[in-house]
Each structure stands twice: as structure tokens, then as C-alpha cells.
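A.B. asks:
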Amino acid sequence: MQILLVPGFWLDGDSWAPITRHLEAAGHIVHALTLPGKRPGDTDLAGIGLRDHVDAVLAVVDSLDGPVALVGHSGGGTIGWAVADARPSRIARVVMVDSIPMPAGTCINDELPVEGDGVPLPVYGEYRERWAV
Numbered sequence: 006m007q008i009l010l011v012p013g014f015w016l017d018g019d020s021w022a023p024i025t026r027h028l029e030a031a032g033h034i035v036h037a038l039t040l041p042g043k044r045p046g047d048t049d050l051a052g053i054g055l056r057d058h059v060d061a062v063l064a065v066v067d068s069l070d071g072p073v074a075l076v077g078h079s080g081g082g083t084i085g086w087a088v089a090d091a092r093p094s095r096i097a098r099v100v101m102v103d104s105i106p107m108p109a110g111t112c113i114n115d116e117l118p119v120e121g122d123g124v125p126l127p128v129y130g131e132y133r134e135r136w137a138v
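Its first residue numbered 6, the sequence shown is counted upward by one per residue in this note's numbering.
#1: Is the distance from the Cβ of residue 73 to the Cβ of residue 96 below 8 Å?
#2: Using a Cβ-Cβ cut-off of 6 Å (strictly less than) and excluding sequence neighbours within five positions of residue 132, which residues of its own chain qualify?
#3: Give the secondary structure of residue 33 by DSSP, where H, G and I count as helix, E and B as strand, and everything else as coil.
#4: Under a three-way DSSP split, which group does residue 77 fall into?
#5: Hey, out of 47, 6, 106 and 83, whose CA is closest to residue 62's CA?
#6: Considering residue 11, what are the terminal residues of the beta strand (DSSP E) in which it resides?
#7: Can you check which of these residues, 108, 111 and 102, is closest to residue 14 by C-alpha distance?
#8: Looking at the structure shown, is residue 84 part of a helix, part of a strand, or coil, going by DSSP?
#9: What would DSSP say about residue 56, mapped onto helix, strand or coil?
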């Protein structure tokens with residue numbers, strides 16, 4: 006089966022390396038994605054939003070043959086859910102790792118502060134301290 010691994014905030018496709026080899030050994034074709042704005046060295050993030058991430062994953066789904074399993078970690082789960090909604094006949098299953106489907110009309114991490122026309126993520130590691138319950 007084709008498996009698309011969608012990383013969470015702050016992460017790129019390399020974050021899936023510990024699991025990728027196990028999935029491939031089980032006979033799956035694995036695509037560990039790096040989303041727009043998440044590549045090492047990406048600095049011009051103006052205008053990159055959730056829609057761009059969903060479209061990037063949709064482009065991969067559309068390029069593949071056969072059923073696709075989507076695995077989304079954290080914020081990647083929301084992206085996977087949106088992709089499944091856009092291509093229900095192509096998606097065999099959605100697996101969410103440390104994620105849940107967002108209810109209609111809600112947004113992901115609405116507690117993050119808006120700065121200008123963007124919502125920058127906190128520095129990795131500070132997020133847990135800042136919003137710990």
C-alpha cells in the first residue's frame with residue numbers, strides 16, 4: 006500500500022525516519038512528506054497556510070496509483086483529514102498520531118498569537134511550556 010506520512014508542526018519528512026524503514030520492510034511504499042515552508046533553510050513563509058499544505062498532499066495523492074493510507078502527526082492529522090475529505094475515493098484510511106479530527110468551523114491552535122498577517126509557531130520546546138495544562 007502507498008503510505009503518506011504527514012509531519013506535525015516544526016517537523017519535516019525526515020522526522021519519520023525511525024518508522025519508515027519498518028513500513029518499507031513490511032512491503033509498503035512510503036512517502037515521508039516535507040510540506041511547503043518546512044524544508045531546511047525555508048525562510049520566506051509569508052502566505053503559506055493550511056490550504057498550501059493540503060494542496061501539497063493532494064498533489065502527491067493525485068500522482069499515485071491505488072489506495073493511499075494517510076498518517077498525520079499532530080497538525081499533520083488535520084491536513085490528512087482535509088485530504089481525505091477532498092479525495093474520499095482515494096484514501097483507504099487515515100491514521101492520526103497525537104491528533105484528532107477538528108470539528109467543523111474550528112481552527113487548529115487558535116490560541117497562538119497573530120502577528121501581522123501570520124501566526125508564527127513558537128520556538129520548538131517553548132510551546133509545551135507556554136500552553137502546558
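Ideal Cβ positions, reconstructed from N, Cα and C, are used throughout, including at glycine.
C.D. replies: In short:
#1: It is a contact, given that the beta carbons lie within the stated cut-off.
#2: Unreliable placement is indicated for residue 132, whose pLDDT of 49 sits below 50; the coordinate value is still reported in the next sentence. No residues qualify anywhere along the chain.
#3: coil
#4: strand
#5: 83
#6: 7-11
#7: 102
#8: Correct three-state label for residue 84: helix.
#9: Residue state, collapsed to three classes: helix.
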